[in-house]
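Okay, structure first, notes after.
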Amino acid sequence: MARIGVFVCWCGSNIAGTVDVAKVAEEASKIPGVVCAVDYKYMCSDPGQNSLRKMIREQKLTGLVLAACSPHMHENTFRRAAVKEGLNPYFVEIANIREQVSWVHEDKERATQKAIDLTKMMVEKVKKDRPIEDVKVPLTKRALVIGGGIAGIQAALDTANGGVQVILVEKEPSIGGRMIQLDETFPTLDCSSCIMTPKMVEVRQHPNIKLYTYSEIEDISGYIGNFKIKIKKKTRSVLEKDCTGCGECWNACPMHKNVKSEFNADMSERTAIYVPFPQAVPLIPVLDRSACLHYKKGGKCQKCFDACGPKCIDFGLRDEIIEEEVGAIIAATGYDLMDNSLYGEYGYGKYKDVVSGLQFERLLSASGPTEGVIRRPSDGKTPQTIVFIQCVGSRDPEKGVPYCSKVCCMYTAKHAKLFAHKVRDSQSYVFYIDIRATGKGYEEFVRSAMEQDGAVYLRGRVSRIYEDNGKLIVKGADTLSGTQVEIAADMVVLATGVIPKKDSDRLARMLGISYDKYGFFTESHPKLRPTESSTAGIFLAGMAQGPRDIPESVVSGSAAASKVLGLFSKSEYEVEGTIANVNEATCVACFYCQRVCAYHAITGKEIKDRNGNIVKVVANVNPGLCTGCGACVSACFSKSIDVKGFMDDQIYAEIKSLGV
Amino acid sequence: MKTTINEHERRDFVSGVESMLHDKLSNCYQCGKCSAGCPVNFEMDYTPNQIIKMTELGMADTVLNSKTIWLCVSCITCSTRCPKGFEVTGIMDVLREIAVKKGINSKAEREVQLFHKIFLENIKSNGRISEFELVRKYNLKTKHLFKDMFLAPKMLEKGKLKIHGVKISNLNRIAKIFKDFE
């Protein structure tokens, strides 16, 4: 016979202000099976929990109903208290009379009645509760980091320094990501490659990091603690073991005028066999077969091979597929830049001297196409007047980007400052809508661009740019003075906004994590679980989640690493026992459940007889992946799936208790 | 309104204003607190913060011909409250001086400009204000002969209006101030 205790919480005046808690307790005590029903000011407080535990001991309770706040708040608190008294944690049920009653109703009498009804339902449910054991999942204590930009590098280093083996996969020939393309960084103006290269080298030399560059994720299966990864290692056509990075091959390559350098944002050319930049990690060239004469002319050209001392160029090498097993994944895939040519009115692509933010960054950089001397692309002259336009590809719902790209205000201020430092007596004009400079030292940095370095800021967007007499005529507005402004500039820099990395949605689907309408990965909770993805065991870092700057990317990389280390600190991973359960006797293997499962938790399972013949195939739930959402339950035609803790008989008992 | 920015003209105008102002135009936040508190803002054609921005953009014609610079009563509410300590009142003074030097005559605020001129001449010759002289000249020039006349007896009675002998003793020092500013 069930011995149930009902505990009605006041939650101070949160519940007691709208619900007659004493009456709820009184009515609950009348329900058959309820041996005690009390109300208390704060059930979650220490004295509240102690009285609950005392009641379990004294009244020998077999089930508890807490009429209190949402189970999201304190279900675990009360379960822990029950476990301490020897009860199975799943004999604790919550009637949510705060979020579902007191906070949303005003009429005290009717609210009280609803609270009584909800309590009754839970009493009937708890009578039918069965003990549930949490599921334990083994952990493979290795981690995969996808993306070798600053966030991925930070995540990999922190995880590896915590003693965990890390596999770092980078799509490009070198790690370093976007940050290594930058010249100097706001707001301290320290040189990006100076602070980045030591980290890149550390990754390369770390005994716990296995680095795959020029590689892509081909397939991911499995679940938390047990992911299986297929990595496509694209061939460099170079035997990596033997290559010394001496540079003879790319110096010998005859194709030095035809291919745009991706690293220099198309501002210079590169050879067919190339390293993207001198500090590349690893310093091993890649042979771009789409540009190489050897492949175009049927094997005639092999100048690089001839030049190579150790003869490590092999034109016949093929892509490899490498399989790895890991227990956790950090997705740090970074970002791309908005396509500036969507703004026809700014003439990007039409006028050579209208460049993107990243292109200007390369013009500033000592490792860039002009070796750090600012020269405009059209005639190589140093510009005296530059107009910077902010929010190109940000805050523009018409172009599908209503969000703020967060970094452009700062990097434009940086550009204006560096321009003033490099070109004497120059003048920059910055068109902006708002200045977002909320980081440490950021506001001061922007003000110094105006006050010390003389950048003139105009509040307004630019409507049109056209060429006239060798000058770019910029037609904008200054809404502060209410004037239309026309400036004749030597060069225009568009503060290009950021968008998710190309194909990030494909990766998200492979990982089974959710992403927003733009393609940025979404976190499990925007405030309280900012590094967790929607899928257990997969964590997020860097710009893949949305616009953020370098310090924030580093923080998020470290945060993801700490989550991985926390996960791996236990010997096994415990999953809540409230997961789907298939009745194999009645399952007809229609696999409709598989189609509705958002977590890829359902697979087929063969049932064999004694002789090993397959009798039938049934649906099988992977406990590591199942979240207990119940979609399969409602989809099942043969009523063969239940979620533990939410069985049909329990739900029916709840409904019946209402007398309907 | 439309402005074509000419870099050289802009720089000349801005550096001219800044050297007289002893402050940088780029210091202004454009927060508008000056305009928010200005007691004569309602009569102005451009708000004080707009005047600052337009000066920065080199819109000399617009600011020097504006009503705003002549309507400013130099109450210093704006400068007192400015979060950046910017010389808002100062810029009005500077712009008035530049306008006078350039011989720009304000059409809308002709009488204010006249008052400004007579006031400064009065200071220059007396070292302080001679109310009687000021009112006499102003009323004659504006042809409001009897304006404020009824106040005179009361002021005389209280000793506020002196007909003779208002010069300060050391006029050289005043002359030096004028010279320095010119």
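Residue numbers (the working numbering), protein chains in the order written: chain A, 1 to 660; chain B, 1001 to 1182.
Just so it is clear, CB atoms sit at the ideal spot from N, CA and C, and this is done for glycine as well.
| For serine 356 of chain A, which beta-bridge partners are listed by DSSP? | A:Leu494
| Who are the neighbours of methionine 677 of chain A on chain B, taking C-beta pairs under 9 Å? | The structure shown has nothing for residue 677 of chain A, since chain A only spans 1 to 660.
| Burial state of serine 1 of chain A, where buried means 16 or more other Cβ atoms lie within 10 Å | One detail in the question is off: residue 1 of chain A reads as methionine in this sequence, not serine. Exposed, by the Cβ-count rule.
| said: For arginine 98 of chain A and isoleucine 209 of chain A, which I take to be in contact (beta-carbon distance under 8 Å), what is that distance rounded to the nearest angstrom? | reply: So it is not a contact: roughly 48 Å between Cβ atoms.
| message | What would DSSP say about serine 237 of chain A, mapped onto helix, strand or coil? | response | coil
| Partners in chain A for glutamate 1007 of chain B, counting only beta-carbon separations shorter than 7 Å | Thr385 and Gln427
| query | Measuring CB to CB, does arginine 130 of chain A end up less than 8 Å from isoleucine 167 of chain A? | reply | no
| field | Validate contact between the segment 517-534 of chain A and the segment 415-433 of chain A using beta carbons, cut 8 Å, 3 pairs | value | Segment contact: the segment 517-534 of chain A against the segment 415-433 of chain A, fewer than three CB-CB distances shorter than 8 Å; contact not assigned.
| field | Bridge-paired residues (DSSP) for alanine 489 of chain A | value | According to DSSP, alanine 489 of chain A bridges with A:Leu472.
| message | Below 9 Å on C-beta distance, what does lysine 1033 of chain B contact in chain A? | response | Correct list: empty, because the minimum Cβ distance to chain A is about 13 Å.
| field | Whole runs of the alpha helix (DSSP H) within the segment 356-438 of chain A, excluding any shorter than 4 residues | value | Taking only runs of at least 4 residues, the alpha helix (DSSP H) segments lying wholly in the segment 356-438 of chain A are 357-364 and 408-422.
| message | Under 9 Å, CB to CB, which of the residues in the segment 1092-1118 of chain B have a partner in chain A? | response | none
| field | arginine 395 of chain A burial status per 10 Å Cβ neighbour count (16 or more: buried) | value | buried
| task | Give, in chain order, every unbroken run of the alpha helix (DSSP H) that is at least 4 residues long and sits entirely within the segment 213-268 of chain A. | result | 248-252
| query | Span of the beta strand (DSSP E) holding threonine 1003 of chain B? | reply | 1002-1005
| said: For a quick check, are the C-beta atoms of glycine 476 of chain A and phenylalanine 431 of chain A less than 8 Å apart? | reply: Taking C-beta atoms as the reference points, glycine 476 of chain A and phenylalanine 431 of chain A count as a pair closer than 8 Å.
| request: Could you tell me how far apart the beta carbons of valine 203 of chain A and leucine 139 of chain A are, in whole angstroms, since I believe they sit closer than 8 Å? | output: Between leucine 139 of chain A and valine 203 of chain A the Cβ distance is about 24 Å, and since that is not below 8 Å, they are no contact.
| task | Measuring only between beta-carbons, confirm whether valine 145 of chain A sits less than 8 Å from chain B. | result | no
| message | DSSP three-state label for arginine 548 of chain A, please. | response | coil
| query | Would a check of beta-carbon distances place asparagine 1027 of chain B closer than 8 Å to chain A? | reply | yes
| query | Any idea what DSSP makes of valine 521 of chain A, helix, strand or coil? | reply | Checking the displayed sequence, the identity of residue 521 of chain A turns out to be phenylalanine instead of valine. In the structure shown, phenylalanine 521 of chain A sits in a strand (DSSP, three-state: E or B).
| Can you tell which of A:Gly380, A:Arg461, A:Thr370 and A:Leu494 has the C-alpha that lies nearest to the C-alpha of aspartate 478 of chain A? | Measuring from the Cα of aspartate 478 of chain A, the nearest candidate turns out to be A:Arg461.
| field | Neighbour list for threonine 410 of chain A in chain B, Cβ cutoff strictly below 8 Å | value | Checking the sequence shown, residue 410 of chain A turns out to be methionine, not threonine. Simply none; closest approach about 18 Å.
| query | Out of A:Phe305, A:Cys409, A:Gly470 and A:Lys300, which has the shortest C-alpha to C-alpha gap to proline 383 of chain A? | reply | A:Gly470
| request: Determine, using beta-carbon pairs with one atom in the segment 566-579 of chain A and one in the segment 173-180 of chain A, whether at least three such pairs fall under 8 Å. | output: Fewer than three Cβ pairs drawn from the segment 566-579 of chain A and the segment 173-180 of chain A lie within less than 8 Å of each other, which leaves the two stretches out of contact.
| task | Sort out for me which residues DSSP pairs threonine 483 of chain A with in a bridge. | result | Answer is A:Asp478.
| request: Consider the Cβ of threonine 1004 of chain B: report whether some Cβ of chain A lies at a distance smaller than 8 Å. | output: yes
| field | Same chain, Cβ closer than 8 Å to cysteine 1082 of chain B, neighbours up to 5 away in sequence not counted | value | Lys1033, Cys1034 and Val1088
| said: Just to confirm before moving on: does the CB-CB distance between aspartate 314 of chain A and serine 221 of chain A stay below 8 Å? | reply: no
| Count the other CB atoms within 10 Å of the CB of proline 1048 of chain B; is the residue buried (16 or more) or exposed (fewer)? | So proline 1048 of chain B ends up on the buried side.
| field | Proximal residues of chain A, C-beta to C-beta of glutamate 1157 of chain B below 8 Å | value | In chain order: nothing, as chain A lies at least about 50 Å away.
| query | So, is leucine 1071 of chain B buried or exposed, given that buried needs 16 or more other C-beta atoms within 10 angstroms? | reply | buried
| In terms of residue numbering, what span does the alpha helix (DSSP H) encompassing glutamine 1113 of chain B cover? | 1110-1126
| message | Between lysine 1021 of chain B and chain A, is any beta-carbon pair separated by less than 8 Å? | response | The amino acid at residue 1021 of chain B is misidentified as lysine; the sequence shows leucine. No, no contact with chain A.
| task | Work out the CA separation of tyrosine 515 of chain A and arginine 506 of chain A for me, nearest whole Å. | result | 10 Å
| field | arginine 270 of chain A in three-state terms, based on DSSP | value | Residue state, collapsed to three classes: strand.
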